[in-house]
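Novice:
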Amino acid sequence: MAEQGAVVVVTKSRWLLFVVIACVSAASNGAVLPQDRSDAMYHSYSGDGVTIDGPSVLLRKKVGNNVSVSANYYVDTISGASIDVRAQASEYQEERTETTVGGDFLHNKTLINVSYTNSSENDFEANSYHLGISQDFFGDLTTLSLSYSRGDDEIRRRGDDSFLEEANRQKFGLGLTQVVTKSLIVGVNAENVSDEGYLNNPYRAIRYLDEDSARGFSFTTEVYPTTRVSNAFSINANYYLPYRASIYGNARYYTDTWGIRATNAKVGYIHTIGDEWILDAHVRFYQQDQADFYRDLFTRADEFNIMARDKELSTYSGVSAGVGVTYEWAFSAASYLKKSTLNFEYDYMNFDYDNFRDATDDAPVGEEALFGFSANVIRAYVSVWY
Amino acid sequence: MKMKMRSLATALLILGSLLSSGCVSTIASIQDIEPWVKPYERSNLADPIMSANRNPIALAYVKHVFEAREGARGADGGAGGGCGCN
Amino acid sequence: MKFKLINSFTSLALAVFVLLALTVSTASEASAPVKNQPASDFTLKSRDGDNRRLSEERGNIVIVNFWASWCGPCREELPAFEEMYQEYADLGVTILGVNVDDDSSKADVLLNDIDITFPVLYDPNGEVSELYDVSAMPTTVMIDRDGNTRLIHKGYKSGDEKSYEKAIKLLLRE
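Residue numbers (numbering that gives the first Met the number 0), protein chains in the order written: chain H, 0 to 385; chain B, 0 to 85; chain W, 0 to 173.
Below, the structure written as C-alpha cells:
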C-alpha cells in the first residue's frame, strides 16, 4: 500500500514538472529539427548459441518548417538455442518485428518528440508511447530535456494457448546537457522506470535440488514480484580535439527495488582522416550485483515466495570493445542528395557470470562451471541525407 | 545504500541548478553572466563527430542489445551540442 | 524509505526547474546593434582579396548576413540572398555575406557549390560578430542609406526571405 502511495505522489509531482517546463518557453529564437535522412542497416548478433539478425530501416523527412516525421521498421530473426533453452528444451526459430512512427515539433527553442512503437512476435506483443520535450537555455548552451514513456505488454507462451499475462511500464527521464567550452559538452541524465504485472520470462525457470531426478535437479517456473521500480543516473562528456577528432565517455549508476545494483562505464575515441573517413573505437565495462531473489540453485521448488534464476538478474560482469568505420560522400550543397555514408561497426561482447552455473555441464549439482559467453555484434548500414 | 542514492541525486541536481543559474546566488548577478560560447564559435560543437546521435538506428540497436541482456535500464541517452542555430 | 527517496528526488528536480525559469526570465537582451542607431563600422577582407569597409557603402541599402559553413539554416538561406541580390543590386542594394568560420577555406568549399555573386567577407576571429553581438546563427542586419540599423533578424526559417524583400522595398521608397 505504501508503494502504491509512493507511485501516486511520484506521478502527481512529475505531471507538475511537465507543466512547469512547458510554461518555461524562452523568447525569440529557436533550435533546429533533426536532419532529413534515410538509413538501411543489417544487424547481426551471434553468441551463446543464438543468432539474431535482420534489417532496420529509417526514414525521416521535414514537413514545413516546424515538423519532422520519421518511421523505423526493424526485424529480428532469432534462431538457435541459448544456455537457458539448452538446459531445458530444444532449438527454436522466431521472428520479431518492431515498427516505430514519430513526429518532432519545433517551436522557438522547444523541441517536442512523440512516438509510438509496436513490437510483435508470436508470443509477445508490446505497444509503447513516448513523449519528449527539450528546451534550450542560456544562449543555447544549456539543454534541458524531459521524457515520459508508457508501455503495455501482452505475454503469451508457446504451446499453452490459455496463457496470457500483461505487464505495464512507465518511464520518467530528466536530462541536462551543458556546453562547457567551444570543445566540450557535458551531460547528466536520470531515469526512473516502474513496471508492474507479469515481469518474468514465461520460459525461464528456477532449478532446485531434486534427488528423484536423473540430473539431481529439476526446473519449475520462476516467480517474480509484480512490481519493479528502478533509478538510473548517468553522466556523459564529449571533447573535441583540434585535429578533428573527439574523445567521449559515459558512466551510469543503477539501482532498483529488486536489489540489483549496476555500474557501467564507456570510453571511446573518434578519429577522422580527410573529409571522408571517420573511425571509432570504444570499450565498455559493466558490473552488476544480483537481485535479492536470485539463486542459481534453490533447495526445493517452494523454498521462497519469489524466486528467479534468470542470468540477467545474477551477479556478473561484462566487457565489450568495438570499432566502427564510416566512409562519407559529400554531394553538392545545391543538389537534392546532400551526403551519403557507408558504415560498418563491430563489437565483441563478453559476459562472465559470478553465480550462474552452466546446468548442461557434467559435474555434481551446484558445482558446475560458472557460465560465460561472448558475442559478435555487427552493424552494416548505408545512410543518405537529403 | 539509500543514503548514497540520496546524496548522488542531490549532487546531480545541485550541479544542474548551478549550471542553470550561472554559479551565482543573486538574481542581479545572474543577469550579468553572458553565454561564454557565442553562436558563431560553435563550429567544433556542430561537427557531426561531436553528436551523441550521429547514427540513430545503429545507436538504438546497440542500446537494445545491452538492455536485453543486462539487468540495468534507463538513463542511457545523450543530447545537446550541435550548431545551436535559429 | 523508498517513499522518502523518490519524493526528495522530485522536489529537488522541481527546485532546478524554478532556477532555470529564473535564468530564462532574467537573461539579458542583445546590446548592439540598436534599431535606428548608426551601425558600427568595420573593415574585413573579402573573397576577392581586397578589404571592404561598411561605411564605403553609405548611400546604398546594406544587408549584412552572418553565416557559417557548419550552420544548416545559413546554407539554406544563401541562395535566397543571391536571388535578392540579382534583383535589387541595380537599385542600390548591397549584400555583404560575413562568414564566421574559423577556417575560411571551409567557406570557399561551400561557395564552390552555391553560386554567390555578392561580396563574401571573412571574420575568422569573430571580431565583427562580437561587435554586432551576433546571438543567433544566422543573423541578418539591414542598414539604410544613411548608415542606420533598421532591421535585425535572428535565425532563418523557410519563408523569411519574403520579409527581407518587404523590408528592402520599404527602404527603397525612402
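Glycine included, each C-beta is placed from N, C-alpha and C at the ideal position.
Because the structure is a prediction, the values reported are computed rather than measured.
Return the bridge partner residues of H:Gly186 from the DSSP annotation.
Specialist: As a position in the first sequence, residue 186 of chain H is number 187, starting the count at 1. Looking at the DSSP assignment, H:Gly186 forms a beta bridge with H:Thr176 and H:Asn235.
Novice: From H:Thr219 to H:Ala86, what does the alpha carbon distance come to, in whole angstroms?
Specialist: The sequence position of residue 219 of chain H within the first sequence is 220, counting from 1. The sequence position of residue 86 of chain H within the first sequence is 87, counting from 1. Spanning the two alpha carbons is a distance of roughly 12 Å.
Novice: If the cut is a Cβ gap below 8 Å, which residues of chain B does H:Ala261 touch?
Specialist: The residue given as residue 261 of chain H occupies position 262 in the first sequence. What H:Ala261 touches in chain B: Glu69, Gly70 and Ala71.
Novice: With DSSP as the reference, identify every bridge partner of H:Lys170, one or two as the case may be.
Specialist: Counting from 1 along the first sequence, the entry for residue 170 of chain H is found at position 171. According to DSSP, which records beta bridges pairwise, H:Lys170 is partnered with H:Ser148 and H:Val192.
Novice: H:Ser127 and H:Leu173: beta carbons closer than 9 Å?
Specialist: Taking the first residue of the first sequence as 1, we reach residue 127 of chain H at position 128. Taking the first residue of the first sequence as 1, we reach residue 173 of chain H at position 174. No, the Cβ-Cβ distance between H:Ser127 and H:Leu173 is not below 9 Å.
Novice: Quick one: give me the first and last residue of the alpha helix (DSSP H) that B:Phe65 is part of.
Specialist: For the purposes of this step, residue 65 of chain B is taken as residue 66 along the second sequence, with counting starting at 1. Segment Pro55 to Arg68, the alpha helix (DSSP H) holding B:Phe65.
Novice: Considering W:Arg149, what are the terminal residues of the beta strand (DSSP E) in which it resides?
Specialist: Residue mapping note: residue 149 of chain W aligns to position 150 of the third sequence, counting from 1. Looking at the DSSP string, the run of the beta strand (DSSP E) that includes W:Arg149 is Thr148 to Lys153.
Novice: So what's H:Met306 in DSSP terms, helix, strand or just coil?
Specialist: Counted from its first residue, the first sequence places residue 306 of chain H at position 307. Looking at H:Met306 - three-state DSSP - the assignment turns out to be strand.
Novice: Determine the direct distance from the alpha carbon of H:Ser339 to that of W:Glu177, and round the result to whole angstroms.
Specialist: A question about residue 177 of chain W goes unanswered here, because the residues of chain W that appear run from 0 up to 173.
Novice: Determine whether the Cβ of B:Lys62 lies closer than 9 Å to any Cβ atom of chain H.
Specialist: The sequence position of residue 62 of chain B within the second sequence is 63, counting from 1. Interface residue (Cβ-Cβ distance to chain H less than 9 Å): B:Lys62 is not classified as such.
Novice: Tell me which residues of the segment 146-162 of chain W have at least one Cβ-Cβ distance to chain B shorter than 9 Å, keeping chain order.
Specialist: Lys153, Gly154, Tyr155 and Lys156
Novice: Considering just the uninterrupted stretch of the alpha helix (DSSP H) at B:Ile32, what are its terminal residues?
Specialist: On the second sequence, residue 32 of chain B is found 33 positions in, with the first residue counted as 1. First-last for B:Ile32: undefined, no H or E at that position.
Novice: Just reading off the beta strand (DSSP E) that H:Val322 is part of, what are its end residues?
Specialist: The sequence position of residue 322 of chain H within the first sequence is 323, counting from 1. H:Val322 -> beta strand (DSSP E) spans Tyr315 to Ala329.
Novice: Near H:Asp151, which residues of its chain fall below 6 Å by C-beta distance, leaving aside the five closest residues on each side in sequence?
Specialist: For the purposes of this step, residue 151 of chain H is identified with residue 152 of the first sequence, where counting begins at 1. Excluding positions up to five away in sequence, the list reads Asn126 and Asn167.
Novice: Relative to the alpha-carbon of B:Ala71, which residue among H:Arg378, H:Ala320 and H:Leu312 has its alpha-carbon at the smallest distance?
Specialist: Numbered from 1 along the second sequence, position 72 holds the residue referred to as residue 71 of chain B. Among H:Arg378, H:Ala320 and H:Leu312, the Cα nearest to that of B:Ala71 belongs to H:Leu312.
Novice: Quick test of your reading: H:Gln134 and H:Thr109, contact by CB under 8 Å. State the CB separation rounded to the nearest angstrom.
Specialist: By one-based count along the first sequence, residue 134 of chain H stands at place 135. By one-based count along the first sequence, residue 109 of chain H stands at place 110. That pair is a contact at about 5 Å.
Novice: For the segment 270-299 of chain H, which segments carrying the beta strand (DSSP E) assignment without a break, of at least 3 residues, lie completely within its bounds, in sequence order?
Specialist: 276-288
Novice: In terms of residue numbering, what span does the beta strand (DSSP E) encompassing H:Gly378 cover?
Specialist: Sequence index remark: in the first sequence, residue 378 of chain H carries index 379 (1-based). Residue 378 of chain H is actually Arg in this sequence, not Gly. Start and end: Leu369 to Trp384.
Novice: For W:Ala26, decide whether its Cβ has a neighbour in chain H, counting only Cβ atoms nearer than 9 Å.
Specialist: Numbered from its first residue, the third sequence carries residue 26 of chain W at position 27. Bear in mind that the predicted position of W:Ala26 carries a pLDDT of just 44, short of 50, making it unreliable; the figure below should be weighed with that in mind. Answer yes: the Cβ-Cβ gap between W:Ala26 and chain H drops below 9 Å somewhere.
Novice: Measure the Cβ-Cβ separation of H:Arg251 and H:Ala236 and say whether it is below 9 Å.
Specialist: The residue labelled residue 251 of chain H in the question sits at position 252 within the first sequence. The residue labelled residue 236 of chain H in the question sits at position 237 within the first sequence. For H:Arg251 and H:Ala236, no; Cβs fall outside 9 Å.
Novice: Counting pairs of Cβ atoms below 8 Å between the segment 56-69 of chain H and the segment 285-296 of chain H, do you hit three or more?
Specialist: no
Novice: Between which two residues does the beta strand (DSSP E) holding H:Arg356 run?
Specialist: Translated into positions along the first sequence, residue 356 of chain H becomes position 357. Lys338 to Arg356 is the span of the beta strand (DSSP E), which, as asked, contains H:Arg356.
Novice: Any contact between the segment 298-309 of chain H and the segment 213-233 of chain H? By contact I mean 3 or more CB pairs, one from each, below 8 Å.
Specialist: yes
Novice: For W:Ser157, which three-state DSSP category applies?
Specialist: Translated into positions along the third sequence, residue 157 of chain W becomes position 158. The answer is coil: DSSP assigns W:Ser157 none of H, G, I, E or B.
Novice: How would you call H:Gln287, buried or exposed, if buried means at least 16 neighbouring beta carbons within 10 angstroms?
Specialist: In the first sequence, residue 287 of chain H corresponds to position 288, counting from 1. H:Gln287 is buried by the Cβ-count criterion.
Novice: Measure the C-alpha to C-alpha separation of H:Ala374 and H:Tyr115 and round it to an integer number of angstroms.
Specialist: The residue given as residue 374 of chain H occupies position 375 in the first sequence. The residue given as residue 115 of chain H occupies position 116 in the first sequence. H:Ala374 and H:Tyr115: Cα-Cα distance of roughly 30 Å.
Novice: Can you give the Cα-Cα distance for H:Asn121 and H:Glu153, rounded to whole angstroms?
Specialist: Translated into positions along the first sequence, residue 121 of chain H becomes position 122. Translated into positions along the first sequence, residue 153 of chain H becomes position 154. If you take the alpha carbons of H:Asn121 and H:Glu153, they lie about 11 Å apart.
Novice: Quick check: H:Gly323 and H:Asp351, are their CB atoms within less than 9 Å of each other?
Specialist: To locate residue 323 of chain H, count along the first sequence from 1; it is residue 324. To locate residue 351 of chain H, count along the first sequence from 1; it is residue 352. Contact flag unset, no.
Novice: Considering Cα atoms alone, identify which of W:Asn59, W:Val119 and W:Val108 is closest to W:Ile167.
Specialist: Here residue 167 of chain W is taken as the residue at index 168 of the third sequence, counted from 1. From the listed residues W:Asn59, W:Val119 and W:Val108, the smallest Cα separation to W:Ile167 is found for W:Asn59.
Novice: Using only alpha-carbon positions, find the residue among H:Gly46, H:Tyr347 and H:Glu366 that is nearest to H:Asp353.
Specialist: To locate residue 353 of chain H, count along the first sequence from 1; it is residue 354. Of H:Gly46, H:Tyr347 and H:Glu366, the smallest CA-CA separation from H:Asp353 is found for H:Glu366.
Novice: Whole alpha helix (DSSP H) runs in the segment 37-107 of chain H with 4 or more residues, listed along the chain?
Specialist: Listed in chain order, the complete alpha helix (DSSP H) runs (minimum 4 residues) inside the segment 37-107 of chain H are 82-87.
Novice: What is the DSSP secondary structure of H:Phe136, counted as helix, strand or coil?
Specialist: Sequence index remark: in the first sequence, residue 136 of chain H carries index 137 (1-based). Strand, per DSSP.
Novice: In the DSSP assignment, find the alpha helix (DSSP H) that holds W:Lys105 and state where it starts and stops.
Specialist: Translated into positions along the third sequence, residue 105 of chain W becomes position 106. Segment Ser103 to Asp112, the alpha helix (DSSP H) holding W:Lys105.
Novice: In the DSSP assignment, find the unbroken beta strand (DSSP E) run with H:Tyr202 in it and report its ends.
Specialist: By 1-based counting over the first sequence, the position of residue 202 of chain H is 203. Counting along the chain, H:Tyr202 falls outside any beta strand (DSSP E), and DSSP gives it neither H nor E.
Novice: Quick check on DSSP: helix, strand or coil for W:Gly71?
Specialist: Your numbering for residue 71 of chain W matches position 72 in the third sequence. Note: W:Gly71 maps to helix in three-state DSSP.
Novice: Report yes or no: do three or more beta-carbon pairs, one from the segment 173-183 of chain H and one from the segment 35-42 of chain B, lie closer than 8 Å?
Specialist: The count of Cβ pairs closer than 8 Å, one atom from the segment 173-183 of chain H and one from the segment 35-42 of chain B, reaches three, so the stretches are in contact.
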